[in-house]
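For the sequence shown, this note's numbering begins at -10 and goes up steadily by one.
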Amino acid sequence: MSIEILATKEIQMIVLLIGIDVILGIIAALMKKEFVLGKVAGFMKKGVLVYVFGFAVISAVGEVLPSLSIIVTMAYWLILLALIGSILDNLGKLGLPIPKILRK
């Protein structure tokens, strides 16, 4: 796996959404006085390892086997949907009215 895979616009979007999710999660936890630093570390480990490196590996496989390119696209959109769902859930914890169907 080359380093260029980690510099793609897809990886950048995933990292951006992870950052937004973490910031909103921290703010929500602080507002509810439930902030635990270990939870942030656990999420960063899970979010970064699973989403970023997992997608990088899938992208590398997609480059080697172009017939699997649809899987790369599907994985990207599933990751985006999961992160957007988590962001919406955190916005709901902050008091914004989010319909239950859009929450995680």
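From the three backbone atoms N, C-alpha and C, an ideal C-beta is built for every residue, glycine too.
Fair warning: this is a prediction, and the values are worked out from it, not measured in the lab.
Separation of residue j from residue i, as counted between CA atoms
| i | j | result |
| --- | --- | --- |
| LEU81 | ILE16 | It should be noted that the sequence gives Gly, not Leu, for residue 81. If you take the alpha carbons of GLY81 and ILE16, they lie about 12 Å apart. |
| PHE44 | VAL53 | 14 Å |
| LYS21 | GLY84 | 11 Å |
| MET63 | GLY31 | 26 Å |
| LEU72 | ILE3 | 8 Å |
| VAL25 | ASP10 | 16 Å |
| LEU13 | PHE42 | 22 Å |
| GLY27 | LYS34 | 11 Å |
| ILE0 | LEU6 | 10 Å |
| LEU77 | VAL50 | 31 Å |
| LEU70 | GLU(-7) | 24 Å |
| SER58 | LEU91 | 28 Å |
| TRP66 | PRO86 | 25 Å |
| PRO88 | PRO55 | 39 Å |
Endpoints, alpha helix (DSSP H) assigned at residue i
| i | result |
| --- | --- |
| THR62 | 58 to 82 |
| GLY36 | Careful: GLY36 lies outside any alpha helix (DSSP H) and carries neither H nor E. |
Collapsed DSSP secondary structure at residue i in the structure displayed
| i | result |
| --- | --- |
| VAL25 | coil |
| LEU54 | coil |
| ILE7 | helix |
| ILE16 | helix |
| LEU91 | helix |
Contacting residues, own chain, Cβ-Cβ under 8 Å from residue i (five flanking each side not counted)
| i | result |
| --- | --- |
| THR(-3) | SER48 |
Residues near residue i in its chain [Cβ-Cβ closer than 6 Å; skip 5 each side]
| i | result |
| --- | --- |
| ILE18 | Strictly speaking, residue 18 in this sequence is Ala, with Ile absent from that position. Excluding positions up to five away in sequence, the list reads PHE24. |
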